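Remarks on the structure that follows.
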Amino acid sequence: MSVNVIIGTVMSMSRKVLLTEEETPKYWYNILPDLPKPLPPPIDPSTREPVDPRKLEAIFPRILIQQELSQERWIPIPEEVREAYTIWRPTPLYRAVRLEKALKTPAKIYYKYEGVSPPGSHKPNTAVAQAYYNMKEGIQVLATETGAGQWGSALAFATNLFGMKARIYMVKVSYEQKPYRKIMMEAWGAEVLASPSNRTKIGQSILKNDPSNPGSLGIAISEAIEDALTHEGVKYSLGSVLNHVLLHQTVQGLEAKKQLEVIDEYPDIVAGCVGGGSSFSGLFWPFYYDVVSGKAPKKIKFVATEPTACPTMTKGIYTYDFGDIAKLTPLLPMYTLGSDFIPPPIHAGGLRYHGDAPTLCLLLKEGFIEPRAYDQVSVFEAATLFAKTEGIIPAPEPSHTIRYVIDEALKAKETGEEKTILFNLCGHGYFDLKAYQEFFEGNLKPFDYPEDKIKESIQNLIKEYPWIQEIPFVKS
Ligand SMILES: Cc1ncc(COP(=O)(O)O)c(C=O)c1O
Numbered sequence: 047m048s049v050n051v052i053i054g055t056v057m058s059m060s061r062k063v064l065l066t067e068e069e070t071p072k073y074w075y076n077i078l079p080d081l082p083k084p085l086p087p088p089i090d091p092s093t094r095e096p097v098d099p100r101k102l103e104a105i106f107p108r109i110l111i112q113q114e115l116s117q118e119r120w121i122p123i124p125e126e127v128r129e130a131y132t133i134w135r136p137t138p139l140y141r142a143v144r145l146e147k148a149l150k151t152p153a154k155i156y157y158k159y160e161g162v163s164p165p166g167s168h169k170p171n172t173a174v175a176q177a178y179y180n181m182k183e184g185i186q187v188l189a190t191e192t193g194a195g196q197w198g199s200a201l202a203f204a205t206n207l208f209g210m211k212a213r214i215y216m217v218k219v220s221y222e223q224k225p226y227r228k229i230m231m232e233a234w235g236a237e238v239l240a241s242p243s244n245r246t247k248i249g250q251s252i253l254k255n256d257p258s259n260p261g262s263l264g265i266a267i268s269e270a271i272e273d274a275l276t277h278e279g280v281k282y283s284l285g286s287v288l289n290h291v292l293l294h295q296t297v298q299g300l301e302a303k304k305q306l307e308v309i310d311e312y313p314d315i316v317a318g319c320v321g322g323g324s325s326f327s328g329l330f331w332p333f334y335y336d337v338v339s340g341k342a343p344k345k346i347k348f349v350a351t352e353p354t355a356c357p358t359m360t361k362g363i364y365t366y367d368f369g370d371i372a373k374l375t376p377l378l379p380m381y382t383l384g385s386d387f388i389p390p391p392i393h394a395g396g397l398r399y400h401g402d403a404p405t406l407c408l409l410l411k412e413g414f415i416e417p418r419a420y421d422q423v424s425v426f427e428a429a430t431l432f433a434k435t436e437g438i439i440p441a442p443e444p445s446h447t448i449r450y451v452i453d454e455a456l457k458a459k460e461t462g463e464e465k466t467i468l469f470n471l472c473g474h475g476y477f478d479l480k481a482y483q484e485f486f487e488g489n490l491k492p493f494d495y496p497e498d499k500i501k502e503s504i505q506n507l508i509k510e511y512p513w514i515q516e517i518p519f520v521k522s
C-alpha cells in the first residue's frame with residue numbers, strides 16, 4: 047500500500063491516524079463518578095477533617111476547585127481552550143511498524159504521540175486550561191514547580207497565550223543539567239529560579255542548613271505554594287496528581303479511542319508511565335469508562351510503569367501523606383515513599399515524585415492497574431531501540447513504558463499472541479540528551495530505592511502525626 051497516512055478511512059497497515067481539528071474533543075471525561083469506591087477526601091492537618099474547599103481558594107481559582115470535586119462525568123471544554131488546543135491537537139496516533147518488525151512480534155503496537163506540542167509533551171493539555179481559568183479570575187502570575195522542565199515549559203507556554211506570566215521553581219539539579227529548558231521557558235516570558243531558592247522562607251531555611259541541596263519536587267512545590275500564599279494576584283498551578291489536572295489530560299484517551307475506531311482496533315493493553323499520574327490517566331481513563339459502562343469489546347489490561355529509583359506504586363505505602371516537603375499541602379490518600387524523599391542524584395529519568403494521584407492509587411489498590419518498575423539502564427536500552435526504529439528520540443519518562451511494551455511484544459512472539467498494545471509517548475527527549483550521553487558513556491547505573499528508607503520516612507510521618515492512623519480509610 048503506497049499511501050501511509052490515513053484520515054478517516056480504513057487501510058490494512060496504517061502508519062498513522064490523524065483527526066481533523068473539528069474532532070478535538072468538546073468534553074473532558076471525569077472519572078470520579080465511576081470509581082469503584084468514593085475517593086477518600088484530602089485532609090486538612092489543622093482540623094484533621096476533610097479540607098474546606100474555600101481554604102483552597104488561596105491558591106487555586108474557584109472553577110478548578112469545582113472541577114476537583116465534581117461528580118459530573120462530562121465537563122465541557124471552553125471554546126478558548128479548544129482553540130488553543132488546535133495549535134497542536136489532535137495529536138497523531140502512530141503504529142510502531144518498524145519497532146514491530148525489529149522485534150519480529152505478532153503484537154500490534156500503537157502510540158499516541160504528545161511530543162508534537164510546542165513544549166514537547168502532554169503537559170500543555172492542562173496548562174492551557176489552568177492558565178485560561180486563572181486569567182478569567184483576574185490572576186496575573188502563576189507560580190509552579192518543575193522537575194525535568196517539561197511542566198514549567200508547558201505553563202510558560204500557556205500563561206503567555208493568555209497574557210499572563212509564570213514564575214517557575216526548577217529543581218536545582220535539573221536547572222544545572224538542562225539549561226536549554228530554562229531558556230525555552232524564558233522565551234515564553236517566564237521567570238525561572240533554581241530551587242531551593244532564596245526567594246522563599248522555605249528555600250532560605252533549606253539553603254541555610256545545606257547550601258548544596260540538589261532540590262526535589264517536594265521542595266519546589268513548597269516554594270511555589272509559599273509564593274502564591276504571600277503575593278496578591280499570584281496563584282499556584284500543579285502539573286499532575288490532582289483530579290482536575292488528570293481530567294484535562296483525557297483529551298489524549300478520547301482522541302486515541304476515536305483514532306483506533308477509524309482503523310477498527312481496540313487495545314488489549316493500555317500502558318503509560320507514572321510520575322504523578324497525569325499522562326497515563328489521561329490515556330487510560332476513557333478506556334476505563336468503556337469497562338465500567340460495559341462498552342469495552344474485550345478485557346483490557348491497564349499497566350503503569352515507574353523507575354526502580356522512585357518505586358511509588360511497587361514499593362510505596364498506602365496512607366495519607368503530604369504532597370510537599372514543607373507540609374503546606376493537605377494530606378492526600380496515596381501510595382508514597384514519604385514526602386521527605388530526595389531522588390538519588392545518579393538517576394537520569396524524570397518520574398521523581400514521592401507520591402501519585404489519589405485516583406490512580408485507589409484504582410491500583412482495588413486491582414484495576416498493574417504496576418511495573420524498571421531500572422534506568424534497561425529503560426535507556428529500550429529508548430535507544432525505539433529511536434533507531436521509529437525515529438523519535440523519546441523522553442526518559444515514557445521510555446519506562448517503551449521498556450514494558452518491548453518486553454510484552456517479545457512475550458507475544460513466544461506465545462504467538464496477536465495482542466494490540468496502546469501506550470502514550472507523552473514527550474520527546476530532545477532536551478534530555480545529557481541523560482542519553484550518560485547512558486552512551488556507560489555512566490548510568492541501575493538503582494533500587496531501599497525499602498528501609500521508605501519505612502523510616504513513613505514512621506517519621508506517623509510519629510509527628512499519629513492521628514493519621516485513625517483516619518477511617520487508613521484504619522480499614
Ligand atoms: C514527558 C513526561 N512524561 C511523564 C511525566 C510524569 O508526569 P505524569 O505522571 O503526571 O504524566 C513528566 C513529568 O514531568 C514528563 O515530563
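Under the working numbering, the first residue of the sequence shown is numbered 47, with each subsequent residue one higher. C-beta atoms are modelled at their ideal positions from N, C-alpha and C, and glycine is treated no differently. Just so you know, these numbers come straight off a predicted model, no measurement behind them.
Within a Cβ cutoff of 8 Å, which residues of the same chain sit near residue i, ignoring the five residues on either side of it in sequence?
i    : result
A342 : Y312, F333, D336
R108 : E183
E502 : G384
G279 : G184, I185, Q186, V187
Can you check whether the CB of residue j is closer than 8 Å to the CB of residue i?
i    : j    : result
G488 : A194 : no
G530 : F387 : This structure cannot settle anything about residue 530, because the visible part of the chain is limited to 47 through 522.
L288 : I105 : no
S286 : S324 : yes
L329 : G369 : no
L490 : L149 : no
G401 : M380 : yes
I155 : A175 : no
V297 : P71  : yes
L110 : P99  : no
L81  : L406 : no
P577 : G473 : This structure cannot settle anything about residue 577, because the visible part of the chain is limited to 47 through 522.
L65  : K303 : no
T351 : D367 : no
In terms of alpha-carbon separation, which member of the options lies closest to residue i?
i    : options                : result
I271 : G340, A233, E191, T466 : E191
N244 : L408, P492, G261       : G261
V498 : S283, L292, H290, K361 : The amino acid at residue 498 is misidentified as Val; the sequence shows Asp. Minimum Cα distance to D498 is reached at K361.
K345 : I467, Y75, S385        : I467
Y511 : V291, K373, D478       : K373
E516 : K480, R94, T375        : R94
F525 : G318, Q305, H393       : This structure gives no information on residue 525, because the portion of the chain shown stretches from 47 to 522.
D314 : M231, W134, K347, P390 : K347
G209 : Q196, A236, Y215       : A236
A233 : S199, H277, F477, Q295 : S199
T447 : Q112, S424, V217, G462 : S424
Cutting at 7 Å between CB atoms, please list the residues of its own chain near residue i, excluding the five before and the five after it.
i    : result
I229 : none
E307 : none
L253 : P242, N244, N259
L78  : L85, S116, Q117, N289
I508 : I514, Q515
V316 : L329, F330, F333, I346, F348, L468
T151 : A455, L456, A458, K459
What residues in its chain sit with their C-beta under 6 Å from that of residue i, if we drop five residues either side in the sequence?
i    : result
P87  : P96
V127 : V174, A175, Y178
N506 : none
A355 : P390, H393, F493, Y495
Problem set entry | Contact the stretch 165 to 180 vs the stretch 200 to 214: 3+ CB pairs below 8 Å | yes
Problem set entry | Given 8 Å, three or more beta-carbon pairs between the stretch 145 to 164 and the stretch 432 to 451 | yes
For this session: Report yes or no: do three or more beta-carbon pairs, one from the stretch 120 to 137 and one from the stretch 414 to 432, lie closer than 8 Å?
Result: no
Exercise. Counting only runs that start and end within the stretch 421 to 457, where is the alpha helix (DSSP H) found for 4 or more residues in a row?
Worked result: 422 to 436
Exercise. Counting only runs that start and end within the stretch 313 to 339, where is the beta strand (DSSP E) found for 3 or more residues in a row?
Worked result: 315 to 319
Exercise. Looking at C-beta atoms only, is the number of pairs between the stretch 124 to 139 and the stretch 447 to 458 that lie closer than 8 Å three or more?
Worked result: no
Exercise. Counting Cβ pairs closer than 8 Å, one from the stretch 498 to 507 and one from the stretch 172 to 190, do we hit at least three?
Worked result: no
Exercise. Counting only runs that start and end within the stretch 240 to 280, where is the beta strand (DSSP E) found for 3 or more residues in a row?
Worked result: none
For this session: Would you mind listing the beta strand (DSSP E) stretches within the stretch 82 to 149 that are 3+ residues and don't spill past its ends, in chain order?
Result: 120 to 122, 139 to 141
Exercise. Fully enclosed by the stretch 181 to 205, which beta strand (DSSP E) runs are 3 residues long or longer?
Worked result: 187 to 192
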